[in-house]
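In this note's numbering, the protein residues as written are 3 to 261.
Quick look at the structure:
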């Protein structure tokens, strides 16, 4: 079933879709979410500016507004993602299906580019996505790659991993490098232990996938990084998407690609 972003968001809003969003609304940009009180918003925006691979900003809402005017003017951040995470002082306290009980008039929402967006381009180039084949969420890992601090915000970079056939690795780099607004080229290829990942079968977020003979694990910076940052720096409040449960914008993927 082919749905427009607006139709897909309506299904989420009414509880008809509650799972991960990978593979839906091909051709449209998906985004990670981070919501903070206005007193923390500038430092977080600076953090994103200093860490564009992990946190490429797609849109920022006005203070107190749940509407992402530049990326989906008819949407509501409070209801249009399948699942959210609420962190207080670095602790995960809830995973609600909407934010109506948590929204405050001093909150600012950041939409951050998501690697689900470039998966369509990889598939068009004959590079399959194992997590889609196996019907699970993409595996994500905290790494030993430190982000560049900004004010109170710092912590480890989170990466997503996709097994790529050895002969396709160069092409995967070429394809994804065209999409810097959704994490761009990989940050690491092969040898997960070199970036502090001890066991590929035990991701910190998402689900494990099969890595077959003749394949190389390839790692991209991930928009779940703010969740690791929240646990590390412990802001009073940070609300995020649940990993893999993204916001689907009205922006066409082709608008973010570079030649």
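Glycine included, every Cβ here is placed at the ideal spot set by N, Cα and C.
Asked	Found
Alpha-carbon to alpha-carbon, residue 62 and residue 136	34 Å
Segment contact, 8 Å Cβ cut-off, at least three pairs: the stretch 150 to 169 with the stretch 41 to 52	yes
Nearest neighbour of residue 222, chosen from 242, 68 and 184 [CA to CA]	184
Cβ-Cβ separation, residue 79 to residue 111 (assumed contact under 8 Å), whole Å	5 Å
Through-space distance from residue 121 to residue 201, alpha-carbon basis	24 Å
Start and end residues, alpha helix (DSSP H) containing residue 232	227 to 235
Nonlocal neighbours in the same chain, by C-beta distance under 6 Å from residue 231, ignoring five residues either side	155 and 157
Environment of residue 64 [buried if 16+ CB atoms lie within 10 Å]	exposed
Spatially closest choice to residue 14 from 210, 214 and 83, by CA coordinates	83
Alpha-carbon to alpha-carbon, residue 104 and residue 212	38 Å
Alpha-carbon to alpha-carbon, residue 100 and residue 20	11 Å
Beta-carbon contacts of residue 187 that lie in its chain and below 7 Å, excluding the five residues immediately before and after	175, 178 and 179
Cβ separation of residue 162 and residue 198, assumed to be a contact under 8 Å, to the nearest whole Å	Not a contact, Cβ separation roughly 15 Å.
The stretch 248 to 258 in contact with the stretch 124 to 135 per 3-pair CB rule at 8 Å	no
Which of helix, strand or coil DSSP assigns to residue 22	coil
Close beta carbons around residue 206, own chain, < 7 Å, minus the five adjacent residues each side	142, 143 and 144
Residues that DSSP places opposite residue 163 in a beta bridge	221
Cβ separation of residue 34 and residue 248, assumed to be a contact under 8 Å, to the nearest whole Å	6 Å
The alpha helix (DSSP H) enclosing residue 201, as first and last residue numbers	Per DSSP, residue 201 belongs to no alpha helix (DSSP H) and is neither H nor E.
With 16 other Cβ atoms within 10 Å as the buried cut-off, status of residue 55	buried
Helix, strand or coil at residue 144 according to DSSP, with G and I counted as helix	strand
Sequence-distant residues of the same chain with beta carbon closer than 8 Å to residue 92, five excluded per side	232, 233, 234, 235, 236 and 237
Assigned exposure category for residue 250 - 16 Cβ within 10 Å defines buried	buried
Cβ separation of residue 245 and residue 139, assumed to be a contact under 8 Å, to the nearest whole Å	7 Å
Between the CA atoms of residue 215 and residue 85 - distance to the nearest angstrom	35 Å
Within 8 Å, strictly: CB atoms of residue 90 and residue 239	yes
Residue 23 vs residue 118 beta-carbon contact at 8 Å	yes
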